[in-house]
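Residue numbers (UniProt numbering): 1 to 99.
Given below as structure tokens:
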């Protein structure tokens with residue numbers, strides 16, 4: 001980002017470099033969104049089957065020192081924000097800043 005503001009225009013990135021950078025960010029956001037979508041599908045499936053909690057785990061890890069507790073309050077707080085929405089907002093802010 002600092003290169004964009006450099007006083008010497010020859011040091012500033014070209015539009016191609018900026019486009020490539022934004023494209024890379026977009027691809028990473030899309031990949032992350034696919035991962036979260038897949039995880040959300042698994043989470044929804046578990047909720048629907050009501051197979052949640054420690055009694056449904058296959059076995060406890062031998063190195064585990066903590067017991068599980070409900071994440072429902074945390075999940076309800078963040079479930080309203082999807083990762084893809086945040087990625088598009090972030091990329092949009094960057095594009096608006098560049099142009």
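A virtual CB, placed ideally from N, CA and C, is assigned to each residue, including glycine.
Just so it is clear, the structure is predicted and the values come from calculations on it, not from any experiment.
Simplified DSSP state of residue i, which is helix, strand or coil
i: residue 14; result: coil
i: residue 46; result: helix
i: residue 41; result: helix
i: residue 20; result: helix
i: residue 35; result: helix
i: residue 26; result: helix
Span separating the alpha-carbon of residue i from that of residue j
i: residue 3; j: residue 25; result: 18 Å
i: residue 36; j: residue 47; result: 16 Å
i: residue 5; j: residue 29; result: 25 Å
i: residue 13; j: residue 22; result: 12 Å
i: residue 65; j: residue 7; result: 55 Å
i: residue 41; j: residue 31; result: 16 Å
i: residue 10; j: residue 17; result: 13 Å
i: residue 59; j: residue 20; result: 46 Å
i: residue 15; j: residue 34; result: 28 Å
i: residue 72; j: residue 49; result: 16 Å
i: residue 38; j: residue 45; result: 11 Å
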